[in-house]
Amino acid sequence: MSEAETGGASRFAGAMLAPYCEAEGAEPIVQELGVRGLALWRKAVPQIVMNGSLVVAASRDQGELARFARMTEGHRAIDGSTLGELEPELGGRFGRALWYPDEGHMEPRLVLAFLMGEIRRLGGTLHFGSAVPTPVWRAGSDGGVVIDCRGLAAREDLPTLRGVRGEMAVLRSREVKLTRPIRLLHPRFALYVVPWSDNRYMIGATVIEREDAGPVTVRSALDLLGTAYALHPGFGEAEILELSAGVRPAFPDNVPRIVAKGRRLLVNGAFRHGYLLAPVMAEIAATYLETGAAHPRLDVD
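Residues 135 to 435 (this note's numbering) make up the sequence shown, in order.
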């Protein structure tokens, strides 16, 4: 694996920092931790964009919008006129929307590069394409602790882990000007569009209970591209830059855990909330290592 390819499932993400929206289909702890995670990102990384996020639905799917509103908080119900003020190219297409003003997003691959630079600046060393020692604790210095974030590779120690496939598309369009993540609801699925730099947009992401990281299927590609076109017809002339898939590690409740096992601290199972929850999971792990303080998300074996 090269440095450009590193990140595993982290490269296949929209990196929406949306604790309120994610609460629609997650345990309450995800919103609680996510609010803290967003605050930590804003302190640490300059690439965070705080334009909020929007949720819309076609006229025939307004029941989905009402359901989403009931399941979440932190939003304002807005009409098409207000939507047009926030996103001028959408105001005439949707009569109603939910606006979550306190959410953000970032471009994951830029942030990964920034974080690797910060590790080096602080004296850390990064190794790519290196085999992991067996047992894993041998990767640490004498008496040190290894923080194990290997995802599904750690399943021998975390047997309830499973993989969840996620597929995404990256498009480039000079005819589309969106400034914040947009979720388009549908009874069968809810996909989203996230603006990146250089007129690029990430369209994602499918959630399939399968541990297959192979190429994107025709059906998923149609869902992804159809969602983009349904949201904004300008995507009809967009360039398809990428169709890719990854596998997310998840526990049965889709909530991450930190498990202390001897000289290892396993941090795993973030499901589709990896970027949102990564800083707060790191904070919990660091506090435990520094002070021994426990946390509800930490299990000591």
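For glycine and all other residues, C-beta sits at the position ideal for the given N, C-alpha and C. These figures come from a predicted structure and were not determined experimentally.
DSSP beta-bridge partners of L318: In the DSSP assignment, L318 is bridged to V190 and L325.
H239 - partner residues in DSSP beta bridges: M150 and V183
Alpha carbon of T361 to alpha carbon of Y422, nearest angstrom: 43 Å
Own chain partners of E446 with C-beta closer than 7 Å, once the 5 adjacent residues on each side are dropped: No answer is possible for residue 446: it lies beyond the span of the chain, which begins at 135 and ends at 435.
Spatial distance of F330 from M240 (CA atoms): Here the sequence assigns Trp to residue 330, which means Phe is not the residue at that position. C-alpha separation (whole angstroms): 8 Å.
For Y335: DSSP bridge partner residues: Beta-bridge pairing links Y335 to L305 and P329.
Alpha carbon of A149 to alpha carbon of S264, nearest angstrom: The straight-line gap from Cα to Cα measures roughly 27 Å.
L359: first and last residue of the uninterrupted alpha helix (DSSP H) it sits in: V352 to L365
Range of the contiguous alpha helix (DSSP H) that encloses I418: G408 to T425
Any 3 or more C-beta pairs closer than 8 Å across the region 290-299 and the region 380-397: When C-beta atoms of the region 290-299 are compared with those of the region 380-397, three or more pairs fall below 8 Å, so the two segments count as touching.
Three-state secondary structure (DSSP) of K177: helix
Under 7 Å between C-beta atoms of R170 and V401: Contact: no.
In DSSP terms, what A160 is bridged to: Note: A160 sits in no beta bridge, so no partner.
8 Å Cβ shell around R322 - same chain, five flanking residues per side excluded: none
Collapsed DSSP secondary structure at A347 in the structure displayed: coil
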